[in-house]
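In structure tokens, the structure reads:
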């Protein structure tokens, strides 16, 4: 067990309104019009936000929410209805299975593990896209999971605010 | 479940949920692909997402507004220039009107069909979907502006694509570079007919199944042939870039570069042909092969 885990504060339960707002904001960021290279490098913010809540609040955000946001992403991306839904469900499943282990680590140590989850998610999207036969993507399609893992600490830091206790418990 | 205390009740296990939702996703994918029965669902979700798209676009539109303010200073010069151009074109237009009248007269004499007038609507690119599997763009005009599926999208240089999906305030365009999209074309130099299709990569089109001895040269201009009824005839599509003759194949490998700025423009024109029946399929129209 990592040493600093014992010194961590006990996270509070996040407000469900905050969770919904964070997911909608992630969706808006995903919709930003970007050019070629930025488009390829842009991490999937909806996936990252879902992952964060799956790991930290698995009772509030589960596979069903991942499915709903997957469908919404399918409409945004005008991909086949269900392609992202399948991938996100798979991703949430992995996150929920691993969440007890993942919260032991600091957010920087989580990043490489997030990378593997994101890569597997993209692999699901890639395989379903290939089976349908619409397009064969180049290798740099997978770059966005690298950027996703790199940006993970920032996202975890921002979203983690909601779980911090407002007053110092030791103050009294 | 009654015997389980409240705190431990978590519903079905993650495995069961994953199984259920995976099945549901796969079912949706099949329904979407094979039966194309989910247009209504897609439209409903698309309409709900429209405000979010507007918000996402806000920074860019703000930037545009600032840019136009700066541009205003330069406009006076441009107005003068355009005024001169206007007089020049006015004169040409009057000649054109005479020619058009003469043309209709001659056509009537020949009892040929009158060429249909093509209307156009200006549209702006709302955003580009981040799916690398498909070459699509979303425009800010939808069924409320009278846009229909099957209409052709062009810019000032040539064809960009075709409208394939309609939402109330936005529309999805399949670019000619999409892998599943084909345009019936004609070589402008000699009238050779064929079908050009995208290969899914960025700025490249492919002319498939032309025999090695076909009369085609590098730099030939390809225009729409009008066959198939979706694309009006005579719009520039592409220019031949490279011709590879490989003796071991029956067909030569011909790559072309699209003339229009398929992935560059912010503003595009949507053409509507009053007499054509728009096809609502997502695939283009692969009808005619070489003569």
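Residue numbers (the numbering used here), protein chains in the order written: chain A, 1 to 172; chain B, 173 to 463. Here a beta-carbon is modelled for each residue, glycine too, at the ideal position from N, C-alpha and C. Being a predicted model, the structure only gives us computed values, none of them experimental.
For residue i and residue j, I'd like the C-alpha separation in whole angstroms.
i: residue 285/B; j: residue 359/B; result: Because residue 285/B carries a pLDDT of 49, less than 50, the predicted location of this residue cannot be relied on, and the following value inherits that uncertainty. The alpha-carbon atoms of residue 285/B and residue 359/B are separated by roughly 23 Å.
i: residue 88/A; j: residue 373/B; result: 26 Å
i: residue 278/B; j: residue 234/B; result: 52 Å
i: residue 431/B; j: residue 411/B; result: 6 Å
i: residue 117/A; j: residue 94/A; result: 7 Å
i: residue 102/A; j: residue 340/B; result: 43 Å
i: residue 141/A; j: residue 77/A; result: 15 Å
i: residue 230/B; j: residue 334/B; result: 26 Å
i: residue 218/B; j: residue 112/A; result: 34 Å
i: residue 295/B; j: residue 402/B; result: 19 Å
i: residue 189/B; j: residue 83/A; result: 17 Å
i: residue 241/B; j: residue 247/B; result: 10 Å
i: residue 32/A; j: residue 226/B; result: 10 Å
i: residue 440/B; j: residue 317/B; result: 15 Å
i: residue 97/A; j: residue 63/A; result: 11 Å
i: residue 146/A; j: residue 57/A; result: 24 Å
i: residue 243/B; j: residue 251/B; result: 12 Å
i: residue 429/B; j: residue 357/B; result: 14 Å
i: residue 130/A; j: residue 205/B; result: 13 Å
i: residue 280/B; j: residue 203/B; result: 50 Å
i: residue 375/B; j: residue 394/B; result: 15 Å
i: residue 59/A; j: residue 34/A; result: 35 Å
i: residue 414/B; j: residue 391/B; result: 8 Å
i: residue 253/B; j: residue 263/B; result: 16 Å
i: residue 396/B; j: residue 114/A; result: 49 Å
i: residue 201/B; j: residue 266/B; result: 56 Å
i: residue 255/B; j: residue 291/B; result: 25 Å
i: residue 191/B; j: residue 198/B; result: 11 Å
i: residue 214/B; j: residue 196/B; result: 16 Å
i: residue 276/B; j: residue 378/B; result: 37 Å
i: residue 187/B; j: residue 85/A; result: 16 Å
i: residue 120/A; j: residue 444/B; result: 44 Å
i: residue 148/A; j: residue 239/B; result: 32 Å
Suppose contacts are defined by Cβ-Cβ distances below 8 Å. Is residue i in contact with residue j by that definition?
i: residue 336/B; j: residue 321/B; result: yes
i: residue 370/B; j: residue 348/B; result: yes
i: residue 442/B; j: residue 323/B; result: yes
i: residue 193/B; j: residue 67/A; result: yes
i: residue 380/B; j: residue 346/B; result: no
i: residue 343/B; j: residue 319/B; result: yes
i: residue 144/A; j: residue 42/A; result: yes
i: residue 271/B; j: residue 72/A; result: no
i: residue 39/A; j: residue 300/B; result: yes
i: residue 162/A; j: residue 14/A; result: yes
i: residue 69/A; j: residue 124/A; result: no
i: residue 306/B; j: residue 92/A; result: no
i: residue 329/B; j: residue 405/B; result: no
For the beta strand (DSSP E) containing residue i, name the first residue and the last one.
i: residue 430/B; result: 425 to 430
i: residue 308/B; result: 308 to 311
i: residue 299/B; result: 291 to 299
i: residue 412/B; result: 408 to 416
i: residue 103/A; result: Run containing residue 103/A: none; DSSP gives neither H nor E here.
i: residue 210/B; result: Unbroken run through residue 210/B: none, as it is neither H nor E.
i: residue 444/B; result: 439 to 444
i: residue 169/B; result: Nothing about residue 169/B can be reported from this structure: the residues present for chain B run from 173 to 463 only.
i: residue 378/B; result: 377 to 379
i: residue 60/A; result: No beta strand (DSSP E) holds residue 60/A; DSSP gives it neither H nor E.
Within its chain, find whatever has a CB closer than 6 Å to the CB of residue i; leave out the 5 residues flanking it on each side and keep chain order.
i: residue 26/A; result: 45, 46, 49
i: residue 437/B; result: 327
i: residue 310/B; result: 298, 299, 342, 344
i: residue 11/A; result: 163
i: residue 154/A; result: none
What are the boundary residues of the alpha helix (DSSP H) that residue i is part of?
i: residue 64/A; result: 63 to 77
i: residue 156/A; result: 143 to 160
i: residue 194/B; result: 186 to 202
i: residue 49/A; result: 45 to 56
i: residue 24/A; result: 16 to 30
Can you give me the Cβ contacts of residue i inside the same chain, cut-off strictly under 7 Å, excluding the 5 residues immediately before and after it?
i: residue 29/A; result: 45
i: residue 382/B; result: 366, 388, 423, 424, 426, 462
i: residue 184/B; result: none
i: residue 55/A; result: 95, 99, 102, 103
Which bits of chain E does residue i rub up against, with CB to CB less than 7 Å?
i: residue 80/A; result: Any reference to chain E falls outside this structure, whose protein chains are A and B.
If I measure Cβ to Cβ from residue i and keep anything under 8 Å in the same chain, skipping five residues before and after, which residues do I get?
i: residue 312/B; result: 295, 296, 297, 298, 341, 342
i: residue 314/B; result: 338, 339, 340, 341, 342, 343
- Taking only beta carbons into account, state which residues of the region 337 to 367 of chain B come closer than 8 Å to chain A, listed in chain order. 337, 344, 351, 352
- Item | Residues within the region 180 to 206 of chain B neighbouring chain A, beta-carbon criterion of under 9 Å | 182, 183, 186, 187, 189, 190, 192, 193, 194, 196, 197, 198, 199, 200, 201, 202, 203, 204, 205
- Item | Residues of the region 308 to 339 of chain B whose Cβ lies closer than 7 Å to any Cβ of chain A, in chain order | 308, 337
- Query: If you measure beta-carbon to beta-carbon, which residues of the region 33 to 56 of chain A are closer than 7 Å to chain B?
  - Reply: 33, 39, 42
- Message: For the region 209 to 241 of chain B, list every residue whose C-beta sits within 8 Å of some C-beta in chain A, in sequence order.
- Response: 210, 213, 214, 217, 218, 221, 224, 225, 227, 228, 229, 231, 232
- When Cβ atoms are compared, which residues of the region 404 to 429 of chain B fall closer than 7 Å to chain A? none
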